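Undergrad:
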Amino acid sequence: MSTAETASLLPKVKAWLLARKPEAGDIEMDLDLIENRLIDSLGFLEFVFFLEELGGREIKFDGDSLHKFRSLRAINENIFGAQ
Amino acid sequence: MDTVANTDFTRTLNRLVELSIDGYYNPYTELQWEEALDDEQWWMPASLLTLYDTKFIDEFDEPQLMKLSKWESIHFYSLNIHGIRELLIEVTKRIHSPGYEGASEFFHHFIGEENEHMWFFAKFCLKYGSKIYPDKSMKMNVAELESDIQTFLVFARILIFEEIVDYFNIRIGKDESLHPVIRQVNNVHHQDESRHVAFGRQFVAQLHRDLIAAYGHARLTEIEGYLRRYIDASLQSFYNPAVYRDAGIEDEYRLRSALLKEPGRTRQHEKIMGRTTDFLIKNGILSEENSTL
Ligand SMILES: [Fe+2]
Ligand SMILES: [Fe+2]
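In order, the protein sequence lines correspond to chains D and A. The first sequence begins at 276 in the numbering used here and counts up one residue at a time. The second sequence begins at 895 in the numbering used here and counts up one residue at a time.
#1: Quick one: does A997 of chain A have its CB under 8 Å from some CB of chain D?
#2: Quick one: is L1187 of chain A near chain D, going by C-beta distance under 8 Å?
#3: Could you give the uninterrupted runs of the alpha helix (DSSP H) lying entirely in the region 1076 to 1144 of chain A, keeping only those of 4 residues or more?
#4: So, is the C-beta of F355 of chain D closer than 8 Å to a C-beta in chain A?
#5: Nearest CA to the CA of Y919 of chain A: which residue from A:E1007, A:M938, A:N1035?
#6: Is the beta carbon of E1087 of chain A within less than 7 Å of some heavy atom of ligand 2?
#7: Determine the extent of the alpha helix (DSSP H) in which V1048 of chain A is found, giving its start and end residues.
#8: Considering only the beta carbon of each residue, do I314 of chain D and F344 of chain D sit closer than 8 Å?
#9: Quick one, which of A:P921, A:I1054, A:F970, A:R905 has its alpha-carbon nearest A997 of chain A's?
#10: Starting from Y1022 of chain A, trace the alpha helix (DSSP H) both ways and give me its first and last residue.
#11: Around the Cβ of M304 of chain D, are there at least 16 other Cβ atoms within 10 angstroms (buried) or fewer (exposed)?
#12: E298 of chain D and Y1147 of chain A - do their beta-carbons sit closer together than 8 Å?
#13: Given a cut-off of 8 Å, decide if S941 of chain A and F1055 of chain A are closer than it, judged by their beta-carbon atoms.
#14: Taking buried to mean at least 16 other C-beta atoms within 10 Å of its own C-beta, is G1023 of chain A buried or exposed?
#15: Closer than 8 Å by C-beta to A349 of chain D: which residues in its own chain qualify, once you throw out the five before and the five after it? Chain order, please.
#16: Can you pull the chain A residues whose beta carbon is under 8 Å from the beta carbon of E327 of chain D, in chain order?
#17: So, is A290 of chain D buried or exposed, given that buried needs 16 or more other C-beta atoms within 10 angstroms?
#18: Please determine whether the Cβ atom of I1054 of chain A lies at a distance below 7 Å from any heavy atom of ligand 1.
#19: For a test of your reading of the model: does the CB of I1058 of chain A fall under 7 Å from any non-hydrogen atom of ligand 1? Yes or no.
#20: Are the CB atoms of L1200 of chain A and S1181 of chain A nearer to each other than 8 Å?
#21: Distance cutoff 8 Å, beta carbons only. Does D1172 of chain A sit that close to anything in chain D?
#22: Using Cβ-Cβ distances below 9 Å, what residues of the region 1005 to 1029 of chain A are close to chain B?
#23: Measuring only the C-alpha atoms, how far is I1179 of chain A from T1160 of chain A?
#24: Please classify M895 of chain A as buried or exposed, where buried requires at least 16 neighbouring CB atoms within 10 angstroms.
#25: Answer yes or no: the CB of E980 of chain A versus the heavy atoms of ligand 2, is any distance below 7 Å?
#26: Quick one: using the 10 Å Cβ neighbour count with 16 as the cut-off for buried, is K1033 of chain A buried or exposed?
#27: Using beta carbons (cut-off 8 Å, strictly below), is T948 of chain A in contact with chain D?
#28: At a threshold of 7 Å, does H1090 of chain A count as lining ligand 3 (C-beta to nearest heavy atom)?
#29: Just how far apart, CA to CA, sit G300 of chain D and Y922 of chain A?
#30: Can we count E1008 of chain A as close to ligand 2, meaning its CB is less than 7 Å from some heavy atom?
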């Protein structure tokens, strides 16, 4: 995906997260989403399917895939393939 | 504190161990397999499909639904494999450690049986589906919780998972129109699981009584909230876009979201969870007034 295309996806990810946790206010690119409980184990699958649909492809899971979801920057690079 | 220091419970454990030994079968030699199973047949009853009791099921003809039943069943066995991995890790962590002296003999059988279950479910998936659906769940981080709460949550989750699975095993195993190879793994699993569920119910009830003695109302409500969300998340994990895609259904993500909003699916979830919620309410683990299920 081109940088311009992925740039339009991140605001949607942010909106999805904030809809579930409005008190978070704003989400910085490097904020740890798991430590700050913007995603947790029970809502995680929902988030994965949302990102797959948004990115237009299935996310591959191997041994430790959690790092791919750590922050908006990580999602942008690992899930949406931004350079 | 010995978590199984209660004589009733000790009797149950002894009886379950005896039943395990008497009913032992060797799955590696005793299960019958076919070289291949035809796509065009029912792999599970239509009533167990995630489209059942919704308007969506009418959009497909029988061969399409049969194909869906194949991938939903491969997915069901895949969920089993991942669930077993997690419960083996948790039980293995506790066997022969302080507090589990009385349960360790039972745990040996439990671990042995679950290892076999994982083997035959994986074999079924790989032989007839050439795949195991990957586990996309995130493990709950309970490290910061008190160890007695962690233990309660671990065994409550194992019990809920095993009871959901059993609902499917019983119905697939009993359906005489299904292929014997399909019925066999479900029947065999159901037999072992009836012992695991019997253990789980007593153990979870006891662990919860200990929590009541140790914690106040607010904390117990928090734990209950967690269990309710775990039940929902477990039921929702059955709706997998990858399964719909494999069955040739388009718009798989939207289908998943739409299905989860269907009243018919809430009805089916209540059926699947019925006896488990009854048990949890009866033992004060879930309160009736908060009941959404
Ligand atoms: Fe099992
Ligand atoms: Fe089991």
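For glycine and all other residues, C-beta sits at the position ideal for the given N, C-alpha and C. The model shown is predicted, which means the values in this text are computed figures rather than measured ones.
TA: Let me spell this out:
#1: no
#2: Note on L1187 of chain A: pLDDT 49, under 50, position unreliable in the model; no value is reported.
#3: 1111 to 1130, 1135 to 1140
#4: no
#5: A:E1007
#6: yes
#7: 1041 to 1068
#8: yes
#9: A:R905
#10: 998 to 1023
#11: exposed
#12: no
#13: no
#14: buried
#15: H342, K343
#16: P1135, Y1147
#17: exposed
#18: no
#19: no
#20: Nothing can be reported for residue 1200 of chain A, as the shown portion of chain A is limited to 895 through 1187.
#21: no
#22: Checking the listed chains, one finds no chain B in this structure; the protein chains it contains are D and A.
#23: 21 Å
#24: At M895 of chain A, the pLDDT of 46 sits below 50, so the modelled position is not reliable and the matter cannot be decided from this model.
#25: no
#26: exposed
#27: no
#28: You won't find ligand 3 in this model; what it holds is ligand 1 and ligand 2.
#29: 56 Å
#30: yes
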